[in-house]
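Only one structure is covered here, and it is reproduced in the block below.
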Amino acid sequence: SLKQLPLTLIVAATPTNGIGRNGGLPWPMLKKEMAYFARVTKRLPTPTSTGSTSPINNNASRQTSMAGARKNVVIMGRKTWESIPTKFRPLKDRTNVVLSTKSRTELGSVPDDVVVASNILHGLESLEQRVRNGEAAPVGRAFVIGGSSIYQAAMELEQTKAVLLTRIAKDYECDTFFPGELGESSAGWQRKSREDLQAFVGEEISEHAMTDGSDGELVSFEFQLYERP
Ligand code: FOL
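This note's numbering numbers the first residue of the sequence shown as 1 and each following residue consecutively.
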């Protein structure tokens with residue numbers, strides 16, 4: 001059920017764990033990094049990848065038009081929702097869950113297929129109900145995509161088992177930070193090998209740092225995976 005649905009955090013952060021500035025990302029558009037985010041959050045789990053199959057979907061009782069066509073879930077806070085360019089939101093091919101204490105009406109234009117809830121567990125519960133009613137696609141993986149308070153809440157849930165971190169090599173000015181301690185040595189979180197990362201995301205990851213950027217400004221970054229038991 002809900003309590004066993006593994007959650008994966010996906011985040012990009014500077015060397016000082018900076019993740020945001022002035023309601024957006026601290027760095028200029030990193031096309032390859034953003035493309036990685038989109039691919040990984042869209043890609044459905046393979047039968048062999050762990051931490052991926054949702055028990056939310058164990059419903060033998062009713063067949064619906066959506067049954068069988070799975071989608072991953074992206075869970076985000078209201079400010080992160082508002083930070084996504086309107087032409088890219090809701091994030092396509094994924095079920096979007098937006099967390100807010102405000103109601104759907106107060107939030108303004110949020111499409112009906114977006115789940116609005118007050119916290120992560122209520123969001124998953126609401127989604128589970130929609131799946132049961134054939135109003136949402138069965139769930140593949142669930143990703144928490146920020147921001148800081150939502151990452152913090154997710155880290156406090158036992159079902160959060162993995163963090164997909166993109167470590168940006170440059171120290172951009174930031175006003176929002178990733179709340180977790182992800183060191184080789186911290187709080188049960190362990191960095192996994194490149195092979196483990198490749199198996200988790202279902203694609204090849206270069207052994208070299210990536211470079212990306214605009215305005216002739218080259219930025220270096222590295223894809224990482226952390227897990228806890
Ligand atoms: N994790 C990582 N690794 N990188 C990020 O940039 C990132 N960003 C967020 C959360 N986790 C992340 C939150 N911010 C879009 C914009 C901002 C955003 C998340 C997503 C967005 O527009 N995504 C589109 C791709 C747009 C494009 O191709 O330019 C999508 O379809 O995912």
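From the three backbone atoms N, C-alpha and C, an ideal C-beta is built for every residue, glycine too.
Requested in this report: Please find out if some non-hydrogen atom of the ligand FOL comes closer than 7 Å to the beta-carbon of Thr46.
Outcome: Not so, every heavy atom of the ligand FOL lies at least 7 Å from the Cβ.
Report task. Quickly, what does DSSP pair Tyr226 with across the bridge? List them, please. Result -> Val163 and Arg191.
Query - Residues near Pro15 in its chain [Cβ-Cβ closer than 6 Å; skip 5 each side] - result: Contacts found: Asp171.
Query raised in the report: Cβ-heavy atom distance between Ile168 and the ligand FOL below 7 Å?
Result: Checking every heavy atom of the ligand FOL against the Cβ of Ile168, none is found closer than 7 Å.
Requested in this report: Can you have a look at Ser100 and say buried or exposed, based on whether 16 or more other CB atoms are within 10 angstroms of its CB?
Outcome: That one is buried.
Query raised in the report: Closer than 7 Å: is that where the CB of Thr16 sits relative to any heavy atom of the ligand FOL?
Result: Not one heavy atom of the ligand FOL is found less than 7 Å from the C-beta of Thr16.
**Report entry** Burial state of Phe223, where buried means 16 or more other Cβ atoms lie within 10 Å
**Finding:** Around the beta carbon of Phe223, 16 or more other beta carbons sit within 10 angstroms, so the residue counts as buried.
Query raised in the report: Hey, how far is the Cα of Thr46 from the Cα of Pro179?
Result: Roughly 30 Å between the two C-alpha positions.
**Report entry** Burial state of Asp212 (16 or more Cβ within 10 Å)
**Finding:** The C-beta of Asp212 has 16 or more other C-beta atoms within 10 Å across all chains shown, which makes the residue buried.
**Report entry** Cβ shell of Pro229 (< 6 Å), same chain only, five flanking positions each side left out
**Finding:** Nothing listed; no residue qualifies.
Report task. Compute the distance between the beta-carbons of Gly77 and Gly146, then report whether it is under 8 Å. Result -> Taking 8 Å as the Cβ cut-off, Gly77 and Gly146 qualify as a contacting pair.
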